[in-house]
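> Pasting in a structure now, in structure tokens, and then I'll have a few things to ask.
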Amino acid sequence: MKSPIPDYLRNVLEKARPLEGGEPANYIDVLADADPSRMAVSLCTVDGSVYSVGDDEVEFSIQSISKPFVYALAIQDQGLEAVLEKVGVEPSGDAFNRLSLEAGTNRPMNPMINAGAVATHALIASPNGSVEKRVDRIVQALSRLAGRQLHVDQEVYEAELKDANRNMGIGYMLKAAGMIACDPQDAVRGYIAQCSINVNVRDLAVMAATLGNAGIHPVSGERIIPQESVRQVLSVMATCGMYNSSGEWISNVGIPAKSGVSGGIIGALPGQLGLAVFSPRLDERGNSVRGVAMCKKLSHDMGFHMMDMSQIGRASVRSWTTTIAGGSKMPHACEEQVAVFELRGAVRFAGAERLTRAIMREIRPDEKGREGRPCAVIFSFRHTYSLNDVARRLIHENIHRLAVDTNVVVIDPAGVLKLPEDDPMKPIVAVVQNEAEARDYVGGIGCKIVSTADDI
Ligand code: GLN
150 MKSPIPDYLR NVLEKARPLE GGEPANYIDV LADADPSRMA VSLCTVDGSV
200 YSVGDDEVEF SIQSISKPFV YALAIQDQGL EAVLEKVGVE PSGDAFNRLS
250 LEAGTNRPMN PMINAGAVAT HALIASPNGS VEKRVDRIVQ ALSRLAGRQL
300 HVDQEVYEAE LKDANRNMGI GYMLKAAGMI ACDPQDAVRG YIAQCSINVN
350 VRDLAVMAAT LGNAGIHPVS GERIIPQESV RQVLSVMATC GMYNSSGEWI
400 SNVGIPAKSG VSGGIIGALP GQLGLAVFSP RLDERGNSVR GVAMCKKLSH
450 DMGFHMMDMS QIGRASVRSW TTTIAGGSKM PHACEEQVAV FELRGAVRFA
500 GAERLTRAIM REIRPDEKGR EGRPCAVIFS FRHTYSLNDV ARRLIHENIH
550 RLAVDTNVVV IDPAGVLKLP EDDPMKPIVA VVQNEAEARD YVGGIGCKIV
600 STADDI
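Numbers 150 to 605, taken from this note's numbering, label the letters of the sequence shown in order.
So, in structure tokens, the structure goes:
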């Protein structure tokens, strides 16, 4: 069976495609030439399943999306206190490239605007180290997060450097204020190289999911960023990540995020997932027009707003196969296999996605491409504490797709599944109270379990 999640992501992409507003960044000539028709969206769960659609292999320079990750690295290299001495955490409400410092402390307002990002960059490795060393450390750290070797795009680097007066101005301002120790031109050169690292949306979704997974890489299981740094980084993303539309973003979309001028945006949803979108045309604040639209839709449809804390708890999925025989509905001596999926806990998207994956794993095509279906599928919600709206919809969708050609039985004594009265599958999905009833429904009275094989 086909997972509904990529189909849904395709729908998100197509809904945003008609938006024609905005222009690719025009102050860096390589970015100005970007193909504006490119679009992609990717989502990575905290346990490492990556979904992506559209131009998901197309690479673009990471630009400002590097800032939260380099901030985490600076905290690792210097400690949070030393970093806070040089860079604040207040939203500025200013454009990203504004030459501004906080009154009183002389620090750049936060690490997400350029002034803060150049100061943060200068803290990587040792404060007096070389540009090469800093850039190399950042490339390696970002590669580890992406799970593959990344590279600086020399063409983007040269293009941005040749027109870097504004960022150079920021460098000199920081030097004069005592916020960087190294040569200001070197700090800006290193910062521009950091912005010129190429990535695609899949890389970014995995990187964001590492933040969403409290610093543990969702695929390798490696601890990459300490949990306290993740909290710091996510807080700054939530308040400053979308520059001067950060307030509107956090109230509408509700996901800690970061955008970049080549048209990417990442979002890291604590405990659930990382997401990334890409489309080069930008609004007047430097955020991707279609990217913002895609994130809004995803957040709205999937219940991703982090302030919507409708439930607390974890879900777990168990699945197994039971062989039954001897029931009145079964010919004598015939044995039949039944797949059982049990969902426990307070279930949100992440739990329903796990269930979806368990179904995919159990009910998959054989070598000839035919789906090897068991004679029935039983869903047990006996230990399901609650389903939120998106979890319920995703499970309904799975049941729809299965019930087309398989017997589906639901054990739901508390009525958590709530198939609507007008659901087209309602008449053919049996709802029972317990496992014995489910077995009798499938195999008939007298039906016995011959064997059970745990599949997880
Ligand atoms: N390299 C870009 C700059 O400094 C990054 C800005 C961004 O992505 N918003 O101007």
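Quick reminder that beta carbons are idealized off the backbone N, C-alpha and C, glycines included.
These numbers were taken from a predicted model, which means no experiment stands behind them.
(1) Should the segment 381-401 be regarded as contacting the segment 179-199, the criterion being three or more beta carbon pairs within less than 8 Å?
(2) How long is the line joining the alpha carbons of Asn-362 and Leu-492, rounded to whole angstroms?
(3) Among residues of its own chain, excluding the 5 on either side of Tyr-157, which ones have a beta-carbon nearer than 7 Å to its beta-carbon?
(4) Would you identify the three-state DSSP class for Lys-151, choosing helix, strand or coil?
(5) Let me make sure I understand the geometry here. Which of Phe-528, Ala-563, Thr-533 has the alpha-carbon closest to that of Asn-547?
(6) Can you tell me the Cα-Cα spacing of Val-402 and Tyr-306, whole angstroms?
(7) Taking all protein chains shown into account, decide if His-545 is buried (16 or more other Cβ within 10 angstroms of its Cβ) or exposed.
(8) Got a sec? Which residues, its chain only, sit under 7 Å from Ile-605 by beta carbon, not counting five neighbours each side?
(9) Indicate the three-state DSSP secondary structure (helix, strand or coil) for Ile-605 in the structure shown.
(10) Between the alpha carbons of Ile-512 and His-300, how many angstroms are there, rounded?
(11) Compute the beta-carbon to beta-carbon distance between Ile-560 and Ile-473, rounded to the nearest angstrom, for a pair I have assumed lies under 8 Å.
(12) From this set, Gln-421, Pro-405, Gly-420, which residue's C-alpha is nearest Ile-414's C-alpha?
(13) What does a CB cutoff of less than 6 Å around Ser-394 pick up in its chain, not counting 5 residues either side in sequence?
(14) Is the closest heavy atom of the ligand GLN to the C-beta of Ser-213 under 7 Å?
(15) Looking only at C-alpha atoms, which of Ala-525, Ile-319, Ser-241, Cys-389 sits nearest to Arg-338?
(16) Got a sec: is the Cβ-Cβ distance from Ser-477 to anything in chain C below 8 Å?
(17) Sort Phe-490, Trp-398, Gly-475, Gly-296 by Cα distance to Asp-448 and report the nearest one.
(18) From Gly-396 to Lys-216, what distance separates their C-alpha atoms?
(19) Out of Tyr-176, Tyr-220, Ser-428, state which residue places its alpha-carbon closest to the alpha-carbon of Leu-233.
(20) What do you get for Cys-344, buried or exposed, if any count of 16 or more other CB atoms within 10 angstroms of its CB means buried?
(21) Let me confirm a value: Pro-562 is counted as buried when at least 16 other C-beta atoms fall within 10 Å, else exposed. Which label applies?
(22) Pick from Lys-445, Leu-250, Ser-249: whose alpha carbon is nearest that of Val-161?
(23) Run the proximity test for Val-410: is its beta-carbon closer than 7 Å to any non-hydrogen atom belonging to the ligand GLN?
(24) What is the DSSP secondary structure of Ile-512, reduced to helix, strand or coil?
(25) Determine the closest residue to Asn-175 out of Ala-602, Val-410, Thr-533, Pro-569, with distance taken between C-alpha atoms.
(26) Taking the beta strand (DSSP E) that Asn-255 falls in, what are its first and last residues?
(27) Asp-204 to Val-348, Cα distance in whole Å?
(28) Answer yes or no: do Glu-239 and Met-261 have a C-beta to C-beta separation smaller than 8 Å?
(29) Out of Leu-418, Asp-538, Gly-412, Val-207, state which residue places its alpha-carbon closest to the alpha-carbon of Ala-358.
(30) Decide if Pro-367 is buried, meaning its Cβ has at least 16 other Cβ atoms within 10 Å, or exposed.
(31) Taking the DSSP output, what are the residues bridged to Glu-172?
(32) Of all the options Cys-331, Lys-407, Ile-374, Arg-372, which has the alpha carbon lying nearest to the alpha carbon of Ala-387?
(33) Determine the DSSP secondary structure at Gly-452, reduced to helix, strand or coil.
(34) Which residues in the same chain have their Cβ closer than 6 Å to the Cβ of Asp-335, if we skip the five residues on either side of it in sequence?
Checking against the coordinates, here is how it stands:
(1) The segment 381-401 vs the segment 179-199: no contact.
(2) Leu-492 has its alpha-carbon roughly 22 Å from the corresponding atom of Asn-362.
(3) Contacts found: none.
(4) coil
(5) The option with the nearest alpha carbon to Asn-547 is Phe-528.
(6) Taking the straight line joining both Cα atoms gives about 32 Å.
(7) buried
(8) Because the pLDDT of Ile-605 is 48, which lies under 50, any placement of that residue in the model is unreliable, and the question is left without a value.
(9) With a pLDDT of 48 at Ile-605, under the threshold of 50, the modelled position of this residue cannot be trusted; read the value that follows with caution. DSSP places Ile-605 in coil when its eight states are reduced to three.
(10) 40 Å
(11) With 8 Å as the limit, Ile-560 and Ile-473 do not qualify as a contact, their Cβ atoms being about 15 Å apart.
(12) Pro-405
(13) Arg-434
(14) Yes; taking the cut-off as 7 Å, the Cβ of Ser-213 has a heavy atom of the ligand GLN nearer than that.
(15) Ile-319
(16) Judged by its chain identifiers, the structure shown contains no chain C, having just a single protein chain.
(17) Note on identity: in this sequence residue 448 is Ser, with Asp being the wrong assignment. Comparing Cα-Cα distances from Ser-448 to each of Phe-490, Trp-398, Gly-475, Gly-296, the minimum goes to Trp-398.
(18) 19 Å
(19) Tyr-220
(20) buried
(21) Answer is exposed; the Cβ neighbour count stays below 16.
(22) Lys-445
(23) yes
(24) The answer is coil: DSSP assigns Ile-512 none of H, G, I, E or B.
(25) Val-410
(26) No beta strand (DSSP E) holds Asn-255; DSSP gives it neither H nor E.
(27) 12 Å
(28) no
(29) Leu-418
(30) buried
(31) Leu-431
(32) Lys-407
(33) Gly-452: coil per DSSP, three-state reduction.
(34) Val-280
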